[in-house]
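Counted the way my numbering counts, the sequence shown spans residues 156 to 426. The structure under discussion appears below in the form of structure tokens.
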Amino acid sequence: MNPLSALDSIDHRITALAANLKCGCWIRFADGRPNFWSREVFEIFGFETDAHPPPIDAMMHRIDRSHRSRLLNSADRCERHRARFSADYSLTHPNGRRIHVKSRGQIIPGMEGSVIAGTLLDVTELQSVHSDLATLAGMQKKNAFTAPSERLTPGQWRRTEDLLHARSNAGLTVAEMAAHAHLSPSLFSRRFRATTGQTPLQYVLSLRLERARAALASTGASIARVATDFGFFDQAHFSRHFKRRYGLTPGVFMRQETSSIAPTDSSFSDV
């Protein structure tokens with residue numbers, strides 16, 4: 156990889172990041188008054204912007220299960236001890252995209268009742284740029300630029316990723332992906348594996364399973380419908396792959412998701 160082209164690619168991404176940065180604000184009233192979300196917060200979570208902020212169960216379904224308690228605990232500390240609200244967590248957008256956010260807030264002094272106001276920032280792309288910069292710095296330190304790269308270039312990866320997100324449920328072939336990246340199928344497969352650690356078809360399967368898992372947790376659709384929507388032959392085919400990846404069947408996963416949404420603090424509905 157040429158260092159100048161790598162830096163140029165990162166520079167373009169930072170420019171795009173600055174133009175498309177999503178940062179919204181929210182206000183939560185503990186006395187029962189309607190809460191407030193700005194348009195950007197609705198877009199980050201993937202809810203309709205013309206609706207009211209969703210109830211806690213709908214919001215929590217989209218947040219990573221392992222991150223839900225930290226969100227509720229931070230809100231509780233903010234209310235009980237008037238500490239600053241601070242929570243970093245990940246969520247799954249309805250389109251299957253994994254999003255990383257930072258949320259900060261504080262009690263508004265002088266307001267009647269407990270009123271917390273704060274911001275929500277989508278840092279997904281920012282984290283990716285930071286990771287690329289760290290990789291670039293490491294390669295420069297090891298003088299790795301002297302050898303030709305066996306990975307996909309940033310441009311090839313972006314084209315491939317766009318195709319994967321648009322058609323991963325529609326039976327993509329390695330030949331189609333390779334043509335999109337302007338490489339032969341064999342060279343594309345080698346570079347794809349060097350870039351992701353997986354073969355193209357393994358990666359496509361992983362992406363379909365992640366999207367299907369998010370749909371099971373948030374849409375209420377049947378297992379058979381989700382299996383069909385995400386490109387599996389039938390429910391049995393989907394269940395085999397799902398259990399192999401996550402260690403439990405789709406049915407058990409849905410029951411666990413339902414039971415985990417019993418809110419510990421029903422007043423906390425949107426941060």
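Backbone N, C-alpha and C define an ideal beta-carbon position, used for all residues, glycine too. Keep in mind that this is a model prediction, so the values were computed, not measured.
Cβ pair residue i, residue j closer than 8 angstroms
i	j	result
C178	G273	no
S341	P355	no
F240	I218	no
G310	H248	no
D389	A370	no
A391	V381	no
S229	A213	no
T404	S414	no
Three-state class that DSSP yields for residue i in the structure shown
i	result
S241	strand
K177	coil
F408	helix
F197	helix
R368	helix
S414	helix
S258	strand
I263	coil
L307	coil
A302	Below a pLDDT of 50, predicted positions are generally treated as unreliable, and A302, at 45, falls in that range; the measurement from the model is reported next regardless. Residue state, collapsed to three classes: coil.
R252	coil
L246	strand
L318	helix
T279	helix
A272	strand
S422	Here the model assigns S422 a pLDDT of 47, short of 50, so the residue's position is not dependable, and the following value carries that caveat. Here S422 sits in coil by DSSP.
Close beta carbons around residue i, own chain, < 7 angstroms, minus the five adjacent residues each side
i	result
P189	H207
H222	Y244 and S245
E365	G251
L307	T315, A336, R346, F347 and T350
Same chain, Cβ closer than 6 angstroms to residue i, five either side skipped, listed in chain order
i	result
A372	H216 and E412
I182	F191 and A272
N196	In the sequence on display, residue 196 carries Val and not Asn. G179, W181 and L275, listed in sequence order.
T301	Confidence is the limiting factor: at T301 the pLDDT is only 42, short of 50, which leaves the residue's position unreliable, though a coordinate-based value still follows. So no residue of the chain qualifies.
R400	L364
A330	P340
P209	F202
F397	P405
Proximal residues to residue i (C-beta, below 8 angstroms), its chain only, five neighbours per side dropped
i	result
N319	For the sequence presented, residue 319 should be read as Leu rather than Asn. Excluding residues within five positions, the ones whose Cβ falls inside 8 angstroms are L327, M332, Y358, V359 and L362.
G386	S323, N324, A325, G326 and R363
T374	P249 and V381
A379	D389 and Q390
E198	K177, G179 and T204
I254	I199, S245, L246, T247, H248, D277 and T279
V407	none
Proximity to residue i [Cα-Cα], best of the options
i	options	result
S258	N250, S269, D277 and P264	D277
D205	D212, R194, I199 and T279	R194
C233	G260, R253 and V256	G260
A238	R220, I262, L338 and I254	I262
L281	V256, R235 and P264	V256
H236	S394, I211, R225 and S269	S269
G352	G406, S224, E305 and P209	E305
F184	S224, P264, R220 and R225	P264
W312	S224, L338 and A289	L338
Closer than 7 angstroms: residue i CB and nearest the ligand COA heavy atom
i	result
L342	This structure lacks the ligand COA; in fact it carries no ligand of any kind.
In the stretch 340 to 403, which residue ranges form an unbroken alpha helix (DSSP H) of at least 4 residues, counting only runs that do not cross its ends? 340 to 351, 355 to 373, 378 to 384 and 390 to 401
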